[in-house]
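**Q**
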């Protein structure tokens, strides 16, 4: 498969790249604003072949994005604004990549979102989300567009807070409790949903738990 990871230089995106390097022969393209800063050691032992692409979700048009996406089988969106240009990156920028994917004929689209983004009652006006109101609203709009305004085969992964701790390989999906996640577990789930039919056209709210990732994915309904 040919896979593009938009935001492949971020904390989750870079860990997702490692998942592909270790586990598949797929051709991976890291789409980044400054690809010259990406350092990759690509040897026969460290599969697959990884390419880089200059890509700006803020500056590029939908048509320009679509030109770069032609021939790809799947798009991952793991980019994030980091609190800057929230609308242009996390909302409108994400939507532009969806429009481009459809224009380019890409069928599979996997979105890294935020816990409860589609459930405003969980975060709107809540103290716990006081500094994340704009971000959650932007993610709401992007996720809503992906579900209701595209024909893409999507998976939306909505993890809680991200921790730089070792992965456990055990998770809880789709309960109503906020929680934290190892970045490694999040990237593992993103990797595993790619061709798992149980995850097609699904929104997955995630935090660390006590069920293996494989079992949790296969239990999705």
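Residue numbers (this note's numbering): 2 to 222. By construction, the Cβ of each residue, glycine as well, lies at the ideal position given by its N, Cα and C atoms.
1. Using the Cβ count rule (16 or more neighbours within 10 Å means buried), how would you classify residue 159?
2. If I measure Cβ to Cβ from residue 63 and keep anything under 8 angstroms in the same chain, skipping five residues before and after, which residues do I get?
3. Could you give the DSSP three-state label for residue 141: helix, strand or coil?
4. So residue 107 packs on residue 56, CB below 8 angstroms; how close in whole Å?
5. Rank 86, 24, 89, 95 by C-alpha distance to the C-alpha of residue 150 and give the top, closest one.
6. Under the three-state reduction of DSSP, which class applies to residue 183: helix, strand or coil?
7. Cβ of residue 154 within 8 angstroms of Cβ of residue 201?
8. List the residues that DSSP assigns as beta-bridge partners of residue 24.
9. Residue 122: which of 53, 137, 109 sits nearest, CA to CA?
**A** Checking against the coordinates, here is how it stands:
1. buried
2. 97, 100, 101, 104
3. helix
4. So it is not a contact: roughly 14 angstroms between Cβ atoms.
5. 95
6. strand
7. yes
8. Its beta-bridge partners do not exist; DSSP assigns none.
9. 137
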